[in-house]
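To start, the structure itself, in structure tokens.
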Amino acid sequence: MAIRESMKISLAPISYCWSKADVEQFYQHVATSSIDTVYLGETVCSRRRELKFADYLALAHMLKNHGKHVVLSTMALVEAQSELNELKRAINNGDFSIEANDMAGVYYAHQAKIPFVCGPTINNYNRASLDLLHQKGMYRFVMPCELSKDWLQAVIDSGSQLQYEIEVLGHGYMPLAHSARCFTAKHYQLPKDQCQTICQRHSKGLLAQTQESQPLLRLNGIQTQSAAQVDLISQIPQMINMGVDYWRISPNKLADVTLGDTLATLLNQALLNDNATLQDTLTQFEQSNTATHHCNGYWFGQPGMHFSEQSAAS
Amino acid sequence: MELLCPAGNLASLKAALNAGADAVYLGLKDDTNARSFAGLNFSAPQLAQATQLAHSQGRKVFLTLNTFPKPGHEQRWYQAVDLAAQLNMDALIVADLSLLSYAHQHHPHLPLHLSVQASATNLGALSFYKEAFNIERAVLPRVLSIKQVRDLAKVSPVKLEVFAFGSLCIMAEGRCHLSSYVTGQSPNTGGSCSPANHVRWQDSGSDKLTRLNDVLIDKADASQQLGYPVVCKGRYVAQYDHDAKYLLESPTSLNTLSLLPELAQAGIASLKIEGRQRSPAYVSQVTQVWRSAIDTYLNSPASFTEQPQWSQALAKVSEGQITTLGAYERQWQ
Chain A
1 MAIRESMKIS
11 LAPISYCWSK
21 ADVEQFYQHV
31 ATSSIDTVYL
41 GETVCSRRRE
51 LKFADYLALA
61 HMLKNHGKHV
71 VLSTMALVEA
81 QSELNELKRA
91 INNGDFSIEA
101 NDMAGVYYAH
111 QAKIPFVCGP
121 TINNYNRASL
131 DLLHQKGMYR
141 FVMPCELSKD
151 WLQAVIDSGS
161 QLQYEIEVLG
171 HGYMPLAHSA
181 RCFTAKHYQL
191 PKDQCQTICQ
201 RHSKGLLAQT
211 QESQPLLRLN
221 GIQTQSAAQV
231 DLISQIPQMI
241 NMGVDYWRIS
251 PNKLADVTLG
261 DTLATLLNQA
271 LLNDNATLQD
281 TLTQFEQSNT
291 ATHHCNGYWF
301 GQPGMHFSEQ
311 SAAS
Chain B
315 MELLCPAGNL
325 ASLKAALNAG
335 ADAVYLGLKD
345 DTNARSFAGL
355 NFSAPQLAQA
365 TQLAHSQGRK
375 VFLTLNTFPK
385 PGHEQRWYQA
395 VDLAAQLNMD
405 ALIVADLSLL
415 SYAHQHHPHL
425 PLHLSVQASA
435 TNLGALSFYK
445 EAFNIERAVL
455 PRVLSIKQVR
465 DLAKVSPVKL
475 EVFAFGSLCI
485 MAEGRCHLSS
495 YVTGQSPNTG
505 GSCSPANHVR
515 WQDSGSDKLT
525 RLNDVLIDKA
535 DASQQLGYPV
545 VCKGRYVAQY
555 DHDAKYLLES
565 PTSLNTLSLL
575 PELAQAGIAS
585 LKIEGRQRSP
595 AYVSQVTQVW
605 RSAIDTYLNS
615 PASFTEQPQW
625 SQALAKVSEG
635 QITTLGAYER
645 QWQ
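Heads up: the protein sequence lines correspond to chains A and B, in order.
Residue numbers are given in my numbering: position 126 of the first sequence equals residue 126, and the series is strictly consecutive.
Residue numbers are given in my numbering: position 254 of the second sequence equals residue 568, and the series is strictly consecutive.
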């Protein structure tokens, strides 16, 4: 079967607190990769100020000059007025569209007539809700991470062709929850207001295991992530056929840029090839790249932490 | 200031009304609400009976429709909206955009309360729901400090309801996937957090264990009490550490009695008691205390003090018999 249309690789915003130098170095690598779309910005905690808005904007322009499509990501949990002001500033940046991760982002983007992506923390659980947000200016949505392949197919099949793009998290630690409490500061017995951005110590969050040494969660400030990385590499051909437009990588290290670059190159080549060849290549690639703790349960309608051996043909 | 109490069945509804609730909230016997437990909630005829009973005493009754319709099954949720309108219920508690839209279009006179599951924590989000669906009220997630509640109440385009007492959800509600990560079911998708069919209480020699879909949530010796196993209240071992700790939160309940004057002065329209899954005795006890506290405050705001017998009575029905102010108190955060 021929490939329906090309799927692109996107890079989610860095969800951890990295130093400015590390962030800049990271995006220098991204700039020269084959990754198509880059989401940029602080989405977890407004107390992280390693990079200011102007720094992100400078990075956005640098990436744009390298041919990347750039989207400015905004906060998932917006409480204080100062956070609302920052949100409005991101929306009115003048050059880039935004990823709304809270309904406030949807509201102000709609008011400003700025097109937006709905990030994974906007509750889109059915077609009518998606269509409604499309009317407000949504041109793409990232599937909430607890939803499945069958859910997505049902959304695609209900009604006329979708008027907006689909993005699915294919690789990385999943954002599972956000709280007012900073779990990293709590762990170090620091009050949130004097947290010293202690979360900087953990470049991919702080692993929490059960008392039977089963990895369960990663604590990333006010965000709780999955301890296992979602891995949907073998599902790529099927996702292409379903009509998924963007395959998202949530990065936690430089090697994730290499992964994105390799996949993007494969996808570009696959345009000249067929699905079976792509499947073979990806299966080989996945086998040689499998890390210790992966999961794909949500995609198959199971508990998110499960890993199912179902093949792409299923 | 309204006292809004939970009702998981007719007995609880009567207990709430007898103890002085101004309004009660309840759900249907299916996955249209996030307390979809066996043996709980109301059939359509029971809902009619409950509404009639509440109205006959001049009280209000709200239908909780706080889950997100699944593709292909939307009719079940739409029918629930129609039923509430037909029964002349006083409001719907809704989180999903499509459902808000349906209710607003088909039953514009049926008041809409934005469920806590919609996770609206700021002026922008509240303005969105007000302008799009003319919501009358919003329930605030348990993530705001009392100062943030006060600030938001000053500018909010809608009336605000807050959680006053009950189980403490420590995440931004409606956007928490911890339960589905472990069990496959979340409040949003399956209608419950930590569904009972995945819960296991084990005895292992001198230790007691709680498991959720086989994942060990907590372990304790016979002298300690274990809470119902939810992922956010388990004891885990952090990287570079050796001891198991409550890394997120310990089993504890929210109790805001001491904040009553501040919530009243902030203009909060309604105080919500959590616990549709709890017994009629719980509903009765908690409702009595809060009725008494609110009346005492309203009679003489200046001289209000929290009475020890109130807190004692509430501690008895609290998880782990421990209560907290949760996120209302900045230090907790």
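The beta-carbon is built from N, C-alpha and C at its ideal position, and this holds for glycine as well.
Any C-beta of chain A under 8 angstroms from that of residue i
i	result
B:Asn-569	no
B:Glu-388	yes
B:Phe-442	yes
B:Ile-582	no
B:Ser-614	no
B:Cys-490	yes
B:Trp-269	Given a span of 315 to 647 for chain B in the structure shown, any question on residue 269 of chain B remains unanswerable.
B:Tyr-339	no
B:Ala-477	Per the sequence shown, residue 477 of chain B should be read as Phe rather than Ala. Not closer than 8 angstroms to any Cβ of chain A, the Cβ of B:Phe-477 fails to qualify, so no.
Residue i to residue j span [Cα, whole Å]
i	j	result
A:Gly-230	B:Val-545	The residue asked about is misnamed: residue 230 of chain A is Val in this sequence, not Gly. The alpha-carbon atoms of A:Val-230 and B:Val-545 are separated by roughly 19 angstroms.
B:Ala-417	A:Asn-220	38 angstroms
A:Ser-15	A:Ser-97	19 angstroms
A:Ile-3	A:Trp-151	Reliability fails at A:Ile-3, whose pLDDT of 43 lies under 50, so the model's placement of it is uncertain and no value is given.
A:Val-30	B:Asp-404	54 angstroms
A:Ser-82	A:Lys-204	27 angstroms
B:Val-453	B:Leu-428	6 angstroms
B:Asn-502	B:Cys-490	9 angstroms
B:Lys-630	B:Ala-467	32 angstroms
B:Trp-604	B:Leu-571	8 angstroms
A:Pro-115	A:Glu-99	9 angstroms
B:Leu-424	B:Ser-415	12 angstroms
A:Thr-210	A:Met-174	18 angstroms
B:Lys-586	A:Val-44	29 angstroms
A:Gln-163	A:Val-71	19 angstroms
A:Ala-104	B:Tyr-392	26 angstroms
B:Leu-264	B:Gln-400	In the structure displayed, chain B extends from 315 to 647; residue 264 of chain B sits before or after that span and is not available.
A:Ile-166	A:Cys-195	37 angstroms
Short Cβ contact (8 angstroms threshold) for residue i with residue j
i	j	result
B:Phe-382	B:Asp-336	no
A:Leu-51	A:Val-78	no
A:Ala-60	A:Leu-40	yes
A:Arg-127	B:Pro-385	yes
B:Leu-317	B:Gln-591	no
B:Glu-576	B:Phe-479	no
B:Val-472	B:Glu-450	yes
B:Ala-364	B:Leu-397	no
A:Tyr-108	B:Gly-334	no
Residue i at chain B interface by Cβ criterion, 8 angstroms
i	result
A:Cys-182	yes
A:Tyr-108	yes
A:Tyr-125	yes
A:Trp-299	no
A:Met-305	yes
A:Val-78	yes
A:Ala-90	no
A:Lys-113	no
A:His-187	yes
A:Leu-232	no
A:Lys-204	no
Close-in-space but distant-in-sequence residues of the same chain around residue i (CB under 6 angstroms, 5 per side omitted)
i	result
B:Ala-394	Leu-342, Thr-346 and Leu-379
A:Glu-286	Ile-233 and Ser-234
A:Val-168	Met-143 and Val-244
A:Ala-54	none
B:Gln-371	Leu-331
Cβ-heavy atom distance, residue i to the ligand NAP, below 7 angstroms
i	result
B:Tyr-560	The model depicted lacks the ligand NAP and carries no ligand whatsoever.
Residues near residue i in its chain [Cβ-Cβ closer than 8 angstroms; skip 5 each side]
i	result
B:His-512	Val-496, Thr-497, Gln-499, Leu-526 and Asn-527
A:His-294	Ala-228, Gln-229, Val-230, Asp-231 and Phe-307
Residues near residue i in its chain [Cβ-Cβ closer than 7 angstroms; skip 5 each side]
i	result
B:Arg-390	Asp-344 and Thr-346
A:Asn-296	Val-230, Asp-231, Leu-232, Phe-307 and Ser-308
A:Thr-265	Ser-34
B:Gln-538	none
B:Val-457	Thr-435, Ala-486 and Ala-641
Counterpart residues of residue i in DSSP-defined beta bridges
i	result
A:Trp-247	A:Ile-9 and A:Val-168
B:Lys-547	DSSP lists no partner for B:Lys-547.
B:Val-463	B:Val-463 is not bridged to any residue.
B:Asp-532	B:Thr-524
B:Met-485	A:Ser-179
B:Ser-518	B:Asp-521
A:Asp-231	A:His-171
A:Glu-99	A:Ser-73 and A:Val-117
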